[in-house]
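Asker: Quick note on my numbering: the sequence shown kicks off at 0 and runs consecutively. Each residue gets a CB set at the ideal place from its N, CA and C atoms; glycine is no exception. These numbers come from a predicted model, not from an experiment.
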Amino acid sequence: MKEIISAFIMPPFSLVLILIVGWLVQRRNERVGRLLFTLGAVVSILIFMPITGKVAIQPLLHAVKPWVPGDPIMPEVVLIPTGGAFEDQNHRWWPNNYSVSRMTSGLDLHKRYGLPLIISGGPMPGSQDSEAKLLVRFFNLEETADIRLEQHSRTTYDTARNVAQLLRPAGVKVVFLVTTDVHMTRMAASLRHQGLQVLGRPFSPMGYEYTWWDAVPKNFGLSIWLNALNEYLAIAWYLATGKISIADFQH
Numbered sequence: 000m001k002e003i004i005s006a007f008i009m010p011p012f013s014l015v016l017i018l019i020v021g022w023l024v025q026r027r028n029e030r031v032g033r034l035l036f037t038l039g040a041v042v043s044i045l046i047f048m049p050i051t052g053k054v055a056i057q058p059l060l061h062a063v064k065p066w067v068p069g070d071p072i073m074p075e076v077v078l079i080p081t082g083g084a085f086e087d088q089n090h091r092w093w094p095n096n097y098s099v100s101r102m103t104s105g106l107d108l109h110k111r112y113g114l115p116l117i118i119s120g121g122p123m124p125g126s127q128d129s130e131a132k133l134l135v136r137f138f139n140l141e142e143t144a145d146i147r148l149e150q151h152s153r154t155t156y157d158t159a160r161n162v163a164q165l166l167r168p169a170g171v172k173v174v175f176l177v178t179t180d181v182h183m184t185r186m187a188a189s190l191r192h193q194g195l196q197v198l199g200r201p202f203s204p205m206g207y208e209y210t211w212w213d214a215v216p217k218n219f220g221l222s223i224w225l226n227a228l229n230e231y232l233a234i235a236w237y238l239a240t241g242k243i244s245i246a247d248f249q250h
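Structural data, given as structure tokens:
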């Protein structure tokens, strides 16, 4: 259901739909049809401008308090939710760049502060191995004692629920979350919903600093909007289905 709703709301389908409706309406009411055509054109230009996407995505980028040594609250474990995997032409599976970037950042924390590490990610459709296993294999860390794998989660909600179950017997409450900045809001809220406290190190694989060129329409602008809209829709779905609540956004 979420995928169907997303397909109708996300551009470019929604923009094409506005133009089609405008063309049909114009045959009966020229003024309304022209208005819809104009609306579709203006929205298309705005969506391709990086500046509008960067503004729209800002609320997603500040979901957790960045932890620094000396803070009164000390993280007890580093959590890396995987970000996907792909199959090459030889039918071998590899972690994608999102997973590798998260792992690189998480390993830095793991080694620098001696924190245990949890990597969470189940198998992709068609893969025999979990994303978590692919990631430790890629970094040649399969026999590392203080790295624990959670290999069943396929969604952000699954990760929060399964990791909380792993940590509960040990009494661990404070998680250092390492994920991309856009994903941080939903992942942190999901963990809080399971009773965990979240610190974090978000990082940006795309870069959202403002420049003068952001006012020029380009494909990069559309990609920012797609990332933002996809995450906002996912958050709305989690709220509607009770996987998170409004209170879980407080930190």
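Residue 81 and residue 141 - do their beta-carbons sit closer together than 8 Å?
Answerer: It is not a contact, given that the beta carbons lie outside the stated cut-off.
Asker: Could you tell me the distance, in whole angstroms, from the CA atom of residue 219 to the CA atom of residue 51?
Answerer: Going by the C-alpha atoms only, they are around 11 Å apart.
Asker: Please list, in chain order, all residues of the same chain as residue 126 whose beta carbon is under 8 Å from its beta carbon, the five residues on each side excluded.
Answerer: Contacts found: 84, 86, 92 and 133.
Asker: Would residue 78 and residue 171 qualify as a contact pair, given that the criterion is a beta-carbon distance under 8 Å?
Answerer: Contact flag unset, no.
Asker: On the DSSP letters alone, give me the boundaries of the beta strand (DSSP E) that residue 146 sits inside.
Answerer: Where residue 146 is concerned, the enclosing beta strand (DSSP E) stretches over 146 to 149.
Asker: So, is residue 121 buried or exposed, given that buried needs 16 or more other C-beta atoms within 10 angstroms?
Answerer: Flag for residue 121 reads buried.
Asker: According to DSSP, simplified to helix, strand and coil, what is residue 108?
Answerer: Helix at residue 108.
Asker: Count the CB pairs spanning the segment 65 to 76 and the segment 40 to 55 that are closer than 8 Å, and state whether there are at least three.
Answerer: No, they do not touch.
Asker: Excluding the five sequence neighbours on either side, which residues of its own chain have a C-beta within less than 7 Å of the C-beta of residue 294, listed in chain order?
Answerer: Not covered by the structure: residue 294. The range shown for the chain is 0 to 250.
Asker: Roughly how many angstroms separate the alpha carbons of residue 135 and residue 166, rounded to a whole number?
Answerer: Cα to Cα, the separation comes out at about 20 Å.
Asker: Any idea what DSSP makes of residue 57, helix, strand or coil?
Answerer: Of the three classes helix, strand and coil, the one that applies to residue 57 here is helix, per DSSP.
Asker: Go through its chain and collect everything with a Cβ distance to residue 181's Cβ below 6 Å, but skip five positions before and after it.
Answerer: Counting only Cβ-Cβ distances below 6 Å, and skipping sequence neighbours, we find 59, 226 and 230.
Asker: Alpha carbon to alpha carbon, how far is residue 137 from residue 99?
Answerer: If I take the Cα positions, the gap works out to 9 Å.
Asker: Within a Cβ cutoff of 7 Å, which residues of the same chain sit near residue 74, ignoring the five residues on either side of it in sequence?
Answerer: Result list for residue 74: 66, 114, 173, 174, 175 and 198, in chain order.
Asker: Would DSSP call residue 129 helix, strand or coil?
Answerer: Strand, per DSSP.
Asker: What's the C-alpha gap between residue 155 and residue 163?
Answerer: Each residue's alpha carbon lies about 12 Å from the other.
Asker: Only counting the same chain, and skipping five residues up and downstream in sequence, which positions put a Cβ closer than 8 Å to that of residue 45?
Answerer: Excluding positions up to five away in sequence, the list reads 51.
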